[in-house]
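Enquirer: One structure, pasted below without further comment.
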Amino acid sequence: MFVLSGYEYLLGFLLICSLVPLLALSASKLLRPSGRNPERIITYESGMEPIGGAWIQFNIRYYMFALVFVVFDVETVFLYPWAVAFSSLGLLAFIEALIFIAILVIALVYAWRKGALEWS
Amino acid sequence: MNLAEGVQIVSFGILAVMMIGTALGVVLLPNIVYSAFLLGGVFISIAGMYLLLNADFVAAAQVLIYIGAVNVLILFAIMLVNKREDFAPLRNAWVRPVFTGLVSVGLFALLGTMVLVTPWALSTQVSAGDSAIFLIGQHFFTDFLLPFELASILLLMAMVGAIILARREFLPDQVMSPTKQQPILTLPERPRELVSVSSDKSSNLDDGRRG
Chain D
-6 MFVLSGYEYL
4 LGFLLICSLV
14 PLLALSASKL
24 LRPSGRNPER
34 IITYESGMEP
44 IGGAWIQFNI
54 RYYMFALVFV
64 VFDVETVFLY
74 PWAVAFSSLG
84 LLAFIEALIF
94 IAILVIALVY
104 AWRKGALEWS
Chain A
5 MNLAEGVQIV
15 SFGILAVMMI
25 GTALGVVLLP
35 NIVYSAFLLG
45 GVFISIAGMY
55 LLLNADFVAA
65 AQVLIYIGAV
75 NVLILFAIML
85 VNKREDFAPL
95 RNAWVRPVFT
105 GLVSVGLFAL
115 LGTMVLVTPW
125 ALSTQVSAGD
135 SAIFLIGQHF
145 FTDFLLPFEL
155 ASILLLMAMV
165 GAIILARREF
175 LPDQVMSPTK
185 QQPILTLPER
195 PRELVSVSSD
205 KSSNLDDGRR
215 G
């Protein structure tokens, strides 16, 4: 039995959204010229000619940013119920949430001091 | 206004087909990047299933954590380590799909009998619905307070461990021999051939600042 309310809008939103790429791609297929120019199959990269292949090793520094992001992503999930139930929880819960955030701020400070947020 | 029964059945069917199709794509596609993106499709359809089961907070957490974090990390890991290499073909290459098929069929039979044999106790209780997040929040700060605070310490530990591992501070010298580590840490930058254009641009900018 489905008891959540308001999800018929989500369903309509999804239906309309799935039409957007279909319509965009089919409309451009109807309108564009169909020449087979070898330049057309080059990867578009901000108007510059791409150099080398796309299968390269990326820098490990990207991974550091991803890890920092993951920690605060999980924090968001934990703080969301607190924000919803905030009005009925009172001052004690506010302090408890502040402790939670403070421990994660320590993590952020650690990452900052260790240079995980810098691109050097 | 809630979703009608027929709409639920149709969306369950679409989600199930999407989930099985993308999961098969994850396993069967030879390109590992496509597999990682299709894994995101599996996670999205699981989130839809959670919504159909009246668990909207679990669905939101699924989207945030599995698609936003886990799948992104998997993609990052692939892009960090993956280099297209030409491997020499193995001699007895047919052994691998046969064994994989045997193990998969055995696992499928095991799980299938488990599903059929288990007496599922369907709860007749009406689920919490929209107030579920509210209830979760109240439980977090009353009777599940200690696990909630421990979660932040767990996250702190994960962050510290990840930074130490990624910076390779405490690895022995044999592991991080500089000749082997060098190709991983160098940024594969393209040669810069845009000197004339960029100098023109910067001079234009300087002119604009002066004017």
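In order, the protein sequences belong to chains D and A. Under my numbering, the first residue of the first sequence carries the number -6, and numbering increases by one thereafter. Under my numbering, the first residue of the second sequence carries the number 5, and numbering increases by one thereafter. Every residue, glycine too, gets a C-beta built ideally from N, C-alpha and C. This structure is a prediction, so every number in the text was calculated from the model and none was measured.
#1: Rounded to whole angstroms, what's the CA-CA distance from Ile18 of chain A to Phe47 of chain A? Just pull it up for me.
#2: By DSSP, does Glu42 of chain D sit in helix, in strand, or in coil?
#3: Who are the neighbours of Thr69 of chain D on chain A, taking C-beta pairs under 7 Å?
#4: Could you confirm whether any beta carbon from chain D is found closer than 7 Å to the beta carbon of Gln12 of chain A?
#5: Would you say Ser49 of chain A lies against chain D (beta-carbon separation less than 7 Å)?
#6: Under a three-way DSSP split, which group does Asp60 of chain A fall into?
#7: Can you give me, in chain order, the residues of the stretch 85 to 106 of chain D that have a beta carbon less than 7 Å from any beta carbon in chain A?
#8: Taking its Cβ as the centre, do 16 or more other Cβ atoms sit within 10 Å of Lys184 of chain A, making it buried, or is it exposed?
#9: Please state the DSSP three-state secondary structure of Pro93 of chain A.
#10: Nearest-angstrom Cα distance between Pro34 of chain A and Glu1 of chain D?
#11: Distance cutoff 7 Å, beta carbons only. Does Gln129 of chain A sit that close to anything in chain D?
#12: Does the beta carbon of Phe80 of chain A come closer than 7 Å to any beta carbon on chain D?
#13: Have a look at A:Leu79, A:Met83, A:Gln66 and flag the residue whose alpha-carbon is nearest the alpha-carbon of Asp66 of chain D.
#14: To the nearest angstrom, how far is it from the Cα of Met22 of chain A to the Cα of Gln12 of chain A?
#15: Verify the CB distance criterion: does Trp75 of chain D have a CB-CB separation below 7 Å to chain C?
#16: At 7 Å on the CB atoms, spell out the chain D contacts of Phe144 of chain A, in chain order.
#17: What is the DSSP secondary structure of Val(-4) of chain D, counted as helix, strand or coil?
#18: Chain D partners of Met83 of chain A, CB-CB under 8 Å?
#19: Can you look up Arg54 of chain D in the DSSP assignment and give me helix, strand or coil?
#20: Would you check if there are 3 or more beta carbon pairs closer than 8 Å linking the stretch 45 to 62 of chain A to the stretch 92 to 101 of chain A?
#21: 7 Å is my cut-off, CB to CB: does Ser156 of chain A come that close to chain D?
#22: Can you list, in chain order, the residues of the stretch 9 to 28 of chain D whose Cβ is nearer than 9 Å to any Cβ on chain A?
#23: Can you find a CB in chain A that lies within less than 7 Å of the CB of Ala59 of chain D?
#24: Output needed for Tyr70 of chain A: all residues of its chain with C-beta closer than 7 Å, excluding positions within five of it in sequence on either side, in chain order.
#25: In angstroms, rounded to a whole number, what distance separates the CA positions of Asn58 of chain A and Trp75 of chain D?
Expert: Taking the geometry as given:
#1: A straight line joining the alpha-carbon of Ile18 of chain A with that of Phe47 of chain A spans about 14 Å.
#2: coil
#3: Leu68
#4: yes
#5: no
#6: helix
#7: Taking 7 Å as the upper bound on Cβ-Cβ separation, chain A lies near residues Ala86, Glu89, Ile92, Phe93, Ile96, Leu97, Ile99, Ala100, Tyr103, Ala104 of the stretch 85 to 106 of chain D.
#8: With a pLDDT of 45 at Lys184 of chain A, under the threshold of 50, the modelled position of that residue is not reliable, and the figure given next carries that caveat. Classification for Lys184 of chain A: exposed.
#9: DSSP, read as helix, strand or coil, puts Pro93 of chain A in coil.
#10: 38 Å
#11: At a cut-off of 7 Å, the C-beta of Gln129 of chain A has no neighbouring C-beta in chain D.
#12: yes
#13: A:Gln66
#14: 15 Å
#15: Of the protein chains in the structure, D and A, none is chain C.
#16: The contacting residues are Pro74, Trp75.
#17: coil
#18: Taking a Cβ-Cβ threshold of 8 Å, the residues of chain D close to Met83 of chain A are Gln50, Phe51, Tyr55, in chain order.
#19: Three-state DSSP puts Arg54 of chain D in a helix.
#20: no
#21: yes
#22: Listed in sequence order: no entries.
#23: yes
#24: Counting only Cβ-Cβ distances below 7 Å, and skipping sequence neighbours, we find Phe47.
#25: If I take the Cα positions, the gap works out to 20 Å.
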